[in-house]
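Input: a single structure, listed below in structure tokens.
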Amino acid sequence: MAQVFRFYEFADGEDILLNFSHEDEDIEQVSGDIWTYKERPSGPISMTFDLSINSAIFESISPETEIDPESSVDYYLKYVCKTSRQTSFIKFEEDNSKQSLTGRLFFKCVIKLNPELYFGAIDFNALIVRNKDFRSYKGFLTSKYSILGESKTKKLYVDPFQKFEGTDMDVQFGKVKKYKALYQLKHSNPPKLILNEDAPDHIKDMFNYSISDGKIKSLIRDALFRPIVVDVWEQFARKAIEQMTPVENSFDEVPNPSELEFPYNRVAEMLAVVCYGGSQETASEALMSDVGNQKKRLDLINEKLPMIVQEKENLMSVYDKIAKNYTWT
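When you line the sequence shown up against the working numbering, it's residues 126 to 454, in that order.
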């Protein structure tokens, strides 16, 4: 996670434990905090979330003069799908079926989601939120709606998770959404570049040219395919910037490129260095700053990005090779 500097008391995530249960056999655990569907669900998603709070945290996150700090907060489940640009909240209710001798508080909530509205992964966090104002007190958040703590993130992949560690993207012939389009980039996991299988045979033959077919044919193939590569990089970069952009009115911070899912983390890191130069750390900080500013973000997307991807893929040099090796008269 990106380093966050706070000048006020904030609950330790270890004191806010979030867990969820389900009855869906198509969900399996990938790691400690990550789950995935084996196949994309066709019907409603239903999950029960349990929240356990260490009541001792109120000694640190509330002013000592506040008489009943526990009644001054509510607990919410926040769920965010960055790829679908959706953020929602639901309030936890006290779970009276559980009791603790160690001073823990228990809550639960049930959510039902329409999978048609979500793509990729959904992040879940439990939040402690002030429900009333308290007079200003140095070192403490006392305004209504202040977030006093949050749990670790639980992640659920609606689109089945596939481990993707490689650097090469799968390119294949297949169906695309628009039958007259030449190709389509699918932001799946892993992503795929689909060349239109309904394209004329001579176009498909051109994509399959190799050096054994002759130098000129291989140069033609490279020259005609390279703009596709440039466009794909731009699509990847736009998606990475989109994932870094906080959802409107969510109060989220701009994440560090390294926090994005693979391969968008690598794309964003590449974009940062090519665009801003310097070390990866300083370049990523510059990218985060621009993404967090609407005017600068739009300038980055609409003005800088189309030029950056052309430079990255050496589009000029590819055209230069075929121009020098082919007689145009």
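Even glycine gets a Cβ: it sits at the ideal position worked out from N, Cα and C. As the structure is a computational prediction, the values presented were derived from the model and not from experiment.
Taking the beta carbon of residue i as the centre, do at least 16 other beta carbons fall within 10 Å, making it buried, or is it exposed?
i	result
Lys449	exposed
Gly291	With a pLDDT of 48 at Gly291, under the threshold of 50, the modelled position of this residue cannot be trusted; read the value that follows with caution. Exposed: under 16 other Cβ atoms inside 10 Å.
Glu153	exposed
Phe130	The predicted model places Phe130 with a pLDDT of 44, which falls under 50 and marks its position as unreliable, so this point remains unresolved.
Ile341	exposed
Tyr389	buried
Phe387	exposed
Ile328	exposed
Asp415	buried
Lys233	buried
Lys197	It should be pointed out that residue 197 corresponds to Ser in this sequence rather than to Lys. Buried: at least 16 other Cβ atoms inside 10 Å.
Ala306	exposed
Ile192	exposed
Glu148	exposed
Ala181	exposed
Val434	buried
Leu226	exposed
Could you give the C-beta distance for residue i and residue j, rounded to a whole number, given that I count them as a contact under 8 Å?
i	j	result
Phe214	Leu202	7 Å
Phe286	Leu320	With 8 Å as the limit, Phe286 and Leu320 do not qualify as a contact, their Cβ atoms being about 26 Å apart.
Ile253	Gly274	4 Å
Glu438	Arg363	With 8 Å as the limit, Glu438 and Arg363 do not qualify as a contact, their Cβ atoms being about 16 Å apart.
Leu205	Val372	The sequence given here has Val at residue 205, not Leu. Rounded, the Cβ-Cβ distance is 7 Å, consistent with contact.
Leu281	Ala251	About 15 Å; that fails the 8 Å criterion.
Glu322	Lys300	6 Å
Phe249	Leu143	7 Å
Ala411	Leu385	With 8 Å as the limit, Ala411 and Leu385 do not qualify as a contact, their Cβ atoms being about 16 Å apart.
For a quick check, are the C-beta atoms of residue i and residue j less than 8 Å apart?
i	j	result
Phe244	Thr278	no
Gly138	Ser276	yes
Val355	Leu440	yes
Ser383	Glu394	yes
Phe217	Thr173	no
Val379	Met432	no
Val296	Leu310	no
Glu436	Val399	yes
Lys347	Val443	Checking the displayed sequence, the identity of residue 347 turns out to be Asp instead of Lys. Yes, they are a contact pair.
Pro240	Ile170	yes
Pro188	Phe135	no
Ser409	Asn381	yes
Asp220	Asn256	no
Gln211	Leu176	no
With DSSP collapsed to three states, give me the class of residue i.
i	result
Asp323	coil
Asn439	coil
Glu384	helix
Thr161	strand
Ile426	helix
Glu150	coil
Asn239	coil
Lys305	coil
Gly291	Any reading at Gly291 must be qualified, since the residue scores a pLDDT of 48, below 50, and its modelled position is unreliable; no value is offered.
Phe214	strand
Asp330	helix
Lys106	With the chain covering 126 to 454 only, the question about residue 106 has no answer from this structure.
Leu226	coil
Ser69	A question about residue 69 goes unanswered here, because the residues of the chain that appear run from 126 up to 454.
Ser156	strand
I need the boundaries of the beta strand (DSSP E) containing residue i, first residue and last residue.
i	result
Asn179	170-179
Arg407	For the sequence presented, residue 407 should be read as Thr rather than Arg. Note, Thr407: premise wrong, no beta strand (DSSP E); alpha helix (DSSP H) at 405-416.
Ser275	Inspection of the sequence shows that residue 275 is occupied by Glu rather than by Ser. Here the beta strand (DSSP E) through Glu275 covers 272-275.
Val372	Where Val372 is concerned, there is no enclosing beta strand (DSSP E), given that its DSSP letter is neither H nor E.
Val198	198-206
Lys279	279-282
Could you spell out the range, first to last residue, of the alpha helix (DSSP H) harbouring residue i?
i	result
Ala246	First-last for Ala246: 246-255, but that is the beta strand (DSSP E), not the alpha helix (DSSP H).
Tyr401	389-401
Ile186	183-186
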